[in-house]
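In what follows, a single structure is set out as structure tokens and then discussed.
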Amino acid sequence: MVGATASRNGWIVWLTFAIGLLLSVSPLPQFMEILRPLWLALLLAFWALALPQKVGMVTAWCLGLAEDVLYGTLLGQNALILTLITYLVLALQQRLRMFPMWQQSLVILVIFGLAQLVQLWLSALTGNRQPTLALVLPALVSALLWPWISFGLRGLRRRYKIN
Amino acid sequence: MRLLVLVVLSVALMVVDARFTLLKPVRSQMSLVLMQSYWITDLPQRLWQGVASQFGSRTELVAENEKLKTENLLLQGRMQKLAALTEQNVRLRELLNSSALVNEKVEVAELIGMDPNPFTHRIIINKGERDGVVLGQPVLDARGLMGQVVELMPYTSRVLLLTDTTHSIPVQVNRNGLRAIASGTGNPERLELRHVADTADIKEGDLLVSSGLGQRFPAGYPVATVKEVIHDSGQPFAIVRAVPTAALNRSRYLLLVFSDTRTPEERANDAAQAQESLDAQGGGPVIPATVPKPALVPSAVAAPATPAAATPAAPATTPPAATPVKPTATHPAAPKPPATAPAAAKPPAAQPAVVKPAAKPPVSAPATPGGRE
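Order-wise, the sequence lines are chains P and D. At position 57 of the first sequence (counting the first as 1) the number is 256 in my numbering, and the numbers step up by one without a gap. At position 146 of the second sequence (counting the first as 1) the number is 150 in my numbering, and the numbers step up by one without a gap.
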């Protein structure tokens, strides 16, 4: 499906993205809405680290568009955010791979925090004012989830020999 | 490099999407596939409900049935009174020469998703463009107004709730007609009335109904009840907080209001035309047929009584033909006499005739000579 490299079981990657999209709209109790992790960004970060030749900024952009349609935001808003996240992850790729898990989590926290900040600016531009600090909570929750996501997806990747 | 291209592309898309309607078809095509995910995430709840209703015990069902029956009876009782009141209302409006009520029709929609963004209050419902939903359409639940449709997709649409920070609705106090604007606060249990004078006659427990001034929401639907009024001498206006009457974050079944899309002028014109054709056919009473009729009454009563006066009213459509006899509906015992003696169909109309003469002669006088021959 993708490129000339012999790719195997690539559909599993797409399956995880589909599940990510579902998770990002799944209903949550009111108090947890504010903590909803950035599922798509987490998945993108992992796959961009694991399969950089396959999952890159273009993938991120397309998924972002899908998210825009789901959320009813301006087309391109989440696309921009996810592209930025993927770009930063790819730029820090060499270092991130060397880091122990907790340090990876910290980097993820910073990257997602920045992305949420951009998100805040964009939604302020489009007229939805939001309380500032609460917006960083999803980044925090995502960073806390990162080790689990990372282990889980790595196991998945080993098992199905995705590359 | 690739980053730059994508960023520029996204920004361009955002600008285009914000300013023009160019991307609407793209979005609606994408939503056709993507909106299924709301449906899928809603599936567990749906399944649970299905299972629960399958295994609900018989006694429970019987009890619920009883409850619904009594409720139905009560509502129908209230409905009877409502028919009479509606009629009276039209009559009084007629006297005042004010525009008539809007003809409204509702359809049930089901909530299939909440907006994932916790800072906006939007919901997704299972009726869309293909079901005839239009942009800006009001949405109700059983207790009051909920919001309006802000985004249309083929089979779903997005509804902005009253309590969203970007939403405001013109309301009036039901008790005395005082007008105000109720704005959302981002709290699902709270609306705020902006710029209400400190001396305004508004107090705790007042019911706020939509005033229909914004041309978007139909008038007269309950919106909120006033919870507290704070007079702070340091503030230029009173602080008025209200609680929405609709269960904004609990209702699963909603009502979409399909209102009359005609402008008031068109409506007046239509009413005038209907009336003219009526006058031409023998000077029936002059009530414009803009009020929804409870279907049971006119068909039963109108049939025997109309032959006398309004049989030639073929083009005039049934509603106007039904109106003349309507007053009799307020006296359930009355319909018999006129039915047996069609020639005497006028007497019941004598009640309105007490009301009519003031309004009627100028209109019917020029029209009748032409039509009566």
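Glycine is no exception: its CB is placed at the ideal position from the N, C-alpha and C atoms. Since the structure is predicted, the reported quantities are computational estimates derived from the model, not experimental observations.
Contacts between D/Thr229 and chain P, judged by CB atoms closer than 7 Å, are missing: the closest CB pair is about 22 Å apart. In summary, D/Ala276 is exposed, with fewer than 16 beta-carbon neighbours lying within 10 Å of its beta-carbon over all protein chains present. Taking a contact as a CB-CB distance under 8 Å, the pair D/Leu260 and D/Val137 counts as one, their CB atoms being some 6 Å apart. Boundaries of the beta strand (DSSP E) around D/Pro174: 172-177. When the Cα atoms are used, P/Gln292 and P/Leu248 turn out to be separated by approximately 6 Å. Among the CB atoms of chain P, none fall inside 8 Å of the CB of D/Val153. Contact residues of the stretch 20-51 of chain D toward chain P are Asp21, Ala22, Leu27, Arg31, Met34, Ser35, Leu38, Ser41, Tyr42, Ile44, Thr45 (C-beta to C-beta distance below 7 Å). Using beta-carbon distances, D/Arg147 does not count as an interface residue toward chain P, since no partner is under 8 Å.
Interface annotation, P/Thr258: not in contact with chain D, CB-CB separation never under 8 Å.
Below the 8 Å Cβ cutoff, chain P contributes no neighbours of D/Thr189, its closest Cβ being approximately 12 Å away.
CA-CA distance, P/Trp345 to D/Pro48, rounds to 27 Å.
The beta carbon of D/Leu7 falls within 8 Å of a beta carbon belonging to chain P, placing the residue at that interface. Between P/Ile361 and P/Val212 a beta carbon distance of about 6 Å is seen, short of the 8 Å cut, so the two are scored as contacting. Burial is judged here by how many other beta carbons sit within 10 angstroms of a residue's own beta carbon; P/Asn277 has at least 16 and is buried. In this structure, the straight-line span from the alpha carbon of P/Leu264 to that of D/Leu10 is close to 12 Å.
For P/Pro337, the uninterrupted alpha helix (DSSP H) segment begins and ends at 336-359. In the DSSP assignment, D/Ile234 falls within the unbroken beta strand (DSSP E) covering 226-234. In terms of CA proximity to D/Val200, D/Gln239 leads the group D/Phe221, D/Asn178, D/Gln239, D/Asn191. For D/Arg162, the enclosing beta strand (DSSP E) has its first and last residue at 161-165. A check of alpha carbon separations from D/Gly148 across D/Ser32, D/Leu13, D/Phe24, D/Asn253 identifies D/Asn253 as the nearest.
At a cut-off of 8 Å, the C-beta of D/Pro120 has a neighbouring C-beta in chain P. For P/Leu287, the CB contacts under 7 Å within the same chain, skipping 5 residues up- and downstream, are Ile310 in chain order.
Per the coordinates, the alpha-carbon of P/Ala314 lies some 8 Å from the alpha-carbon of P/Leu281.
Judged by DSSP secondary structure, P/Ile280 falls within the alpha helix (DSSP H) whose first and last residues are 276-290. For D/Ile173, the closest of D/Gly132, D/Pro226, D/Asn121 by C-alpha to C-alpha distance is D/Pro226. Look at D/Val15: its C-beta is under 8 Å from a C-beta on chain P. Using a Cβ distance threshold of 8 Å, D/Thr167 and D/Thr189 count as a contacting pair. Sorting P/Tyr359, P/Ser223, P/Gln303 by C-alpha distance to the C-alpha of P/Ala244 places P/Gln303 at the top. Short of 7 Å from the beta carbon of D/Arg245, and not among the five residues preceding or following it, lie these beta carbons of its own chain, in chain order: Arg194, Glu196, Lys231, Glu232. The beta carbons of D/Ala228 and D/Leu217 sit no closer together than 8 Å.
Identification of chain P residues near D/Arg126 by a Cβ-Cβ cut-off of 8 Å yields Gly271, ordered along the chain. Nearest CB-CB separation between D/Thr170 and chain P: below the 8 Å threshold. Burial state of P/Gly255 is buried, judged by a 10 Å Cβ sphere holding 16 or more other Cβ atoms. Counting every other CB atom within 10 Å of its CB across the protein chains shown gives D/Ser161 a total of 16 or more, marking it as buried. Taking a Cβ-Cβ threshold of 9 Å, the residues of chain D close to P/Ile233 are Pro122, Phe123, in chain order. Linking P/Tyr270 to D/Thr90 through their CA atoms gives a straight-line distance of about 42 Å.
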